[in-house]
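S.K.: This note's numbering numbers the first residue of the sequence shown as -6 and each following residue consecutively. Where a beta carbon is used, it is the ideal one built from N, C-alpha and C, also for glycine.
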Amino acid sequence: TGSGKMVFITEDLVRRRAEHNEFEIFSLEEVSLHQQDIEKIEHIDRWCRELKILYLQNNLIPRIENLGRLKKLEYLNLALNNIEVIENLEGCESLQKLDLTVNFVGVLTSVESLKHNIHLRELFLVGNPCIEYEGYRQYVVAALPQLQWLDGTEIYCSERIGASQGLEEVRRRVAEQETEYQRRRRKKKEEVQSKEAGEEKQRKLGFIAHCSQEDQEQVEEVERAFWHTPCSFTPESRLQAHRHLEEQRKAKEADKERKPKPLKTLITAEGRVLNVNEPKLDFSLTEDEDNNRIILDLAVYRHMDTSLMDVDVQPTFARVRVKGKIFQVVLPAEVKPDSSTAQRSQTTGHLVLTMPRAEGEIKVTKTVQRPRRASASSCSTEKNRKTKDSEWLEVDPSKRSSVDITSIIRASPLETSRTGARPPAASDGFVDDPDVPPLI
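(1) Based on Cα-Cα distance, which residue from A156, S151, C150, Y129 lies nearest to L144?
(2) T261 bridges to which residues according to DSSP?
(3) For T146, count neighbouring C-beta atoms within 10 Å of its own C-beta (all shown protein chains included) and say buried if the count is 16 or more, exposed if not.
(4) Should T172 be labelled buried (16 or more other beta-carbon atoms within 10 Å of its own) or exposed?
(5) Can you find at least 3 beta carbon pairs, one from the stretch 89 to 99 and one from the stretch 72 to 81, that sit closer than 8 angstroms?
(6) Please classify D5: is it buried, with 16 or more other beta-carbons within 10 angstroms of its beta-carbon, or exposed?
(7) Could you tell me which residues DSSP pairs with P349 in its beta bridges?
(8) Using 8 angstroms as the threshold, is the stretch 279 to 286 in touch with the stretch 250 to 270, meaning 3 or more CB pairs across them?
(9) Please classify L49: does DSSP put it in a helix, a strand, or coil?
(10) Tell me which residues share the same chain as L107 and place their Cβ nearer than 7 angstroms to its Cβ, disregarding the 5 neighbours each side in the sequence.
(11) Classify C150: buried if its beta carbon has 16 or more other beta carbons within 10 angstroms, exposed otherwise.
(12) Take the Cβ of T227 as the centre, count every other Cβ of all protein chains shown within 10 Å, and call the residue buried at 16 or more, exposed below.
(13) Look at L71 and D92 and say whether their C-beta atoms are less than 8 angstroms apart.
(14) How long is the line joining the alpha carbons of H203 and E240, rounded to whole angstroms?
(15) Taking the alpha carbon of K316 as the point to measure from, which residue in Y174, A326, V293 has its own alpha carbon closest?
(16) L53: which of Q28, K64, E35 sits nearest, CA to CA?
(17) How big is the Cα-Cα spacing for T258 and A247?
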């Protein structure tokens, strides 16, 4: 936001914050709009009627408004804003917790407007000017009997009874301090308005010098004066600091636009191709000698859309553009770009480039067929067939050079062999006596 320009709540902003609710805003029960530099609350009570939790901390909201239709709202966080008065919350019937930490609430009597929020249990006013008032806690405890916690401290029955004693005197002192605070605030506003024009001129001068880079010392002096000059912590000073930082950021962006990034050198003036890996991806470059080709495996992101990649294969190098970032690698040998292929792995998502070499012959690898698994019956049949089909090798007898052992046999057939040695012949006078046992 520049000076005079405000940031509002838009439907697109709310819808982007409703991702957890499938981008539906009408049934949204919780939404976080913190740190969006919002300067006005609007539309929320019409678009998100079902809201129970609303985070609006760390913005530039000066006033509580346009929340009365949120009947189901239970928790409202408005910490770190520019709110000075508690108001316009009577319609939030279900409100249980209100966080106004580090705002500029100086009108302490405005807490009386929370009497109608009968379900309110917790209130945070830490970091507001009103907590410096004498009798601050006693006044709030007495004004809001439904409250159970104030600034993170539980309210006990004894404290509530004590707060009701001497309440008129406390209210009188609070009213006096409030009047004095408002008088000082009006005076500070007048001082800020009188200085605003001159400071705005100095800031613009500083930024012009910064952008043109003609007087860097003057820019540094202006910056040092802005940040080191003491000032009161007011909504105006906080808004001024925010806009100063915003203008500084815009000036830096303008400098970047005027100074475009130098183009990445891919091929030198001498024609030498360089290796480049802007996307910082892992890769492997292998040479397949059997098939005479080069394979590049690039570990691109698994779930990235293929349309975000652009492949360019040249005879001496391969270039892949991944989401606008260039990956380039020099190849170890010359390849055929028109015969190259690019595929994505179905499991890892890697990009695989297969590039046939321009020289050399492709070696065809013979595939070895696996033996078929046969059943037991077929195996036995095969064995029997082999046994029956086995034949002796026929050799020409005239070509034999060794001894023929097949002819070493008697002419007549051999008698049946007997087991044991033949007994010696008996003598002439031998008489066989059957009663004598045979000799062993």
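M.R.: So, from the data block:
(1) Counted from its first residue, the sequence shown places residue 144 at position 151. Here residue 144 turns out to be Asp, not Leu, going by the sequence shown. Ranking A156, S151, C150, Y129 by Cα distance to D144 puts Y129 first.
(2) In the sequence shown, counting from the first residue as 1, residue 261 sits at position 268. Looking at the DSSP assignment, T261 forms no beta bridge with any residue, so it has no partner.
(3) Here residue 146 corresponds to residue number 153 of the sequence shown, with the count starting at 1. Under this definition T146 is an exposed residue.
(4) For the purposes of this step, residue 172 is taken as residue 179 along the sequence shown, with counting starting at 1. T172 comes out exposed.
(5) yes
(6) Locating residue 5 in the sequence shown gives position 12, counting from the first residue. Looking at its Cβ environment, which holds fewer than 16 other Cβ atoms inside 10 Å, D5 is exposed.
(7) The sequence position of residue 349 within the sequence shown is 356, counting from 1. The partner list for P349 (beta bridge, DSSP) reads R286.
(8) no
(9) In the sequence shown, residue 49 corresponds to position 56, counting from 1. It is coil, neither helix nor strand.
(10) Position 114 of the sequence shown, counted from the first residue, corresponds to residue 107. Cβ neighbours of L107 beyond the five flanking positions: I79, L82, L113, L137.
(11) Taking the first residue of the sequence shown as 1, we reach residue 150 at position 157. Looking at its Cβ environment, which holds fewer than 16 other Cβ atoms inside 10 Å, C150 is exposed.
(12) By one-based count along the sequence shown, residue 227 stands at place 234. Looking at its Cβ environment, which holds 16 or more other Cβ atoms inside 10 Å, T227 is buried.
(13) Walking along the sequence shown from the start, residue 71 turns up at place 78. Walking along the sequence shown from the start, residue 92 turns up at place 99. Their beta carbons are under 8 angstroms apart, which means L71 touches D92 by this criterion.
(14) On the sequence shown, residue 203 is found 210 positions in, with the first residue counted as 1. On the sequence shown, residue 240 is found 247 positions in, with the first residue counted as 1. A caution first: H203 carries a pLDDT of 46, below 50, which makes its placement in the model unreliable, though a value can still be read off. If I take the Cα positions, the gap works out to 11 angstroms.
(15) Locating residue 316 in the sequence shown gives position 323, counting from the first residue. Comparing Cα-Cα distances from K316 to each of Y174, A326, V293, the minimum goes to V293.
(16) Within the sequence shown, residue 53 is the residue found at index 60, counting from 1. When only C-alpha atoms are compared, the closest one is Q28.
(17) Start at 1 with the first residue of the sequence shown, and residue 258 comes out as number 265. Start at 1 with the first residue of the sequence shown, and residue 247 comes out as number 254. For T258 and A247, the distance between alpha carbons rounds to 25 angstroms.
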